[in-house]
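Shown next, in structure tokens, is the structure this report addresses.
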Amino acid sequence: MRLENPFKKVERLKRVTNVPKTGQGERVPPGQFLTDRFPVLTYGPTPHYDSLDQWDLRVFGLVGEEKTFSWADLMAMPTQTQTVDIHCVTRWSKLDTTWTGIPWREFLRHIDVRPEATHVLVHCEHGYTTNIGLDVLDDDDTMLAYLYEGKPLTPEHGYPMRLLVPKKYFWKSAKWIRGFEFMAGDRPGFWERYGYHMEGDPWKEERFG
Numbered sequence: 378m379r380l381e382n383p384f385k386k387v388e389r390l391k392r393v394t395n396v397p398k399t400g401q402g403e404r405v406p407p408g409q410f411l412t413d414r415f416p417v418l419t420y421g422p423t424p425h426y427d428s429l430d431q432w433d434l435r436v437f438g439l440v441g442e443e444k445t446f447s448w449a450d451l452m453a454m455p456t457q458t459q460t461v462d463i464h465c466v467t468r469w470s471k472l473d474t475t476w477t478g479i480p481w482r483e484f485l486r487h488i489d490v491r492p493e494a495t496h497v498l499v500h501c502e503h504g505y506t507t508n509i510g511l512d513v514l515d516d517d518d519t520m521l522a523y524l525y526e527g528k529p530l531t532p533e534h535g536y537p538m539r540l541l542v543p544k545k546y547f548w549k550s551a552k553w554i555r556g557f558e559f560m561a562g563d564r565p566g567f568w569e570r571y572g573y574h575m576e577g578d579p580w581k582e583e584r585f586g
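This note's numbering numbers the first residue of the sequence shown as 378 and each following residue consecutively.
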């Protein structure tokens, strides 16, 4: 499959969102604009599920034991609700978004991560991936989110579950997660292979590598 230039895709989507320009504040990274909307930015088809009975989340790579978690397994774990700001690489920012999910640190309690692991490659539906350092995930505000503003995620925003990493550009908060591959060293994911930055820090404007 031939992919279009990701830089062109970003520019087109930025125009479609019609984000109003606003003054920069302490909560808005450089080059960003505030919006009250929640734009949908997706490469590829949107998955739909009739039932979550067959849905699962796989953990593999540098772990003591590979595991597969069912939806029921995850729903039995402690959850938290938090309000955070999110920032998209296409230059929109949305403040005070509220999410409920399983804190990453809580999820990690169920996994025996080997000491040489430094990064995770997040695997999602339709082959999408993105890379994140374990040091980035080890924070109070990272989670496996399944509710947005008190309601289940819509299909367009990642139902049934997405990763939430608010300190990074929002493509790192991967939608439709299905697996975490623990790795020694970093490896580019889908958009990182097509020019996006390996880290994606909005405060440093790490949009493209």
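Ideal placement from N, C-alpha and C gives every residue a C-beta, glycine not left out. This structure is a prediction, so every number in the text was calculated from the model and none was measured.
- Got a sec? Which residues, its chain only, sit under 6 Å from K398 by beta carbon, not counting five neighbours each side? The predicted position of K398 is uncertain, since its pLDDT is 47 and thus under 50; a value taken from the coordinates is nonetheless stated next. Contacts found: F410.
- Grab me the residues of R564's own chain with a C-beta within less than 8 Å of its C-beta, minus the 5 sequence neighbours each way, in chain order. H496, L498 and N508
- Message: Please list the terminal residues of the continuous beta strand (DSSP E) segment that includes F446.
- Response: K444 to S447
- Of all the options D433, T477, P455 and K544, which has the alpha carbon lying nearest to the alpha carbon of K528? With distances taken between Cα atoms, K528 lies closest to T477.
- Inter-stretch contact (C-beta, 8 Å, three-pair minimum) for the region 543-553 and the region 432-440: no
- Query: Assuming E533 and T412 make a contact with CB atoms under 8 Å, what is their CB distance in whole Å?
  - Reply: Contact doesn't hold; Cβ gap of about 16 Å is too wide.
- Quick one: grab the DSSP three-state call for P469. In the sequence under discussion, the amino acid at residue 469 is Trp, which differs from the Pro named in the question. W469 falls in the strand class under three-state DSSP.
- Task: Determine whether the Cβ of D473 lies closer than 8 Å to any Cβ atom of chain C.
- Result: No chain C is part of this structure, which consists of one protein chain only.
- Euclidean distance between Cα positions of K581 and P407: Rounded to whole angstroms, K581 to P407 spans 8 Å at the Cα level.
- Message: Within a Cβ cutoff of 7 Å, which residues of the same chain sit near A561, ignoring the five residues on either side of it in sequence?
- Response: Taken in chain order, the residues that qualify are L439, E493, A494 and T495.
- Item | Cross-strand partners of P480 (DSSP beta bridge) | Partner(s): M520.
- Task: Give the DSSP bridge partners of G510, in chain order.
- Result: H496
- Pair every Cβ in the region 473-492 with every Cβ in the region 510-522, then say whether three or more of these pairs are closer than 8 Å. In short, these stretches touch, since the Cβ pair count reaches three.
- Item | CA nearest to the CA of L541, picked from T460, D489, G572 and Y505 | T460
- Message: According to DSSP, is Y571 part of a helix, a strand, or is it coil?
- Response: helix
- Message: Please report the distance separating the alpha-carbon of G572 from that of T519.
- Response: 25 Å
- Query: Ends of the beta strand (DSSP E) at E558?
  - Reply: I554 to M560
- Message: For A453, which residues in the same chain have their Cβ closer than 6 Å to its Cβ, ignoring the five residues on either side in sequence?
- Response: none
- Task: Could you tell me which of F567, I554, E569 and D489 sits nearest to D433, measuring between CA atoms?
- Result: For D433, the nearest C-alpha among the options comes from I554.
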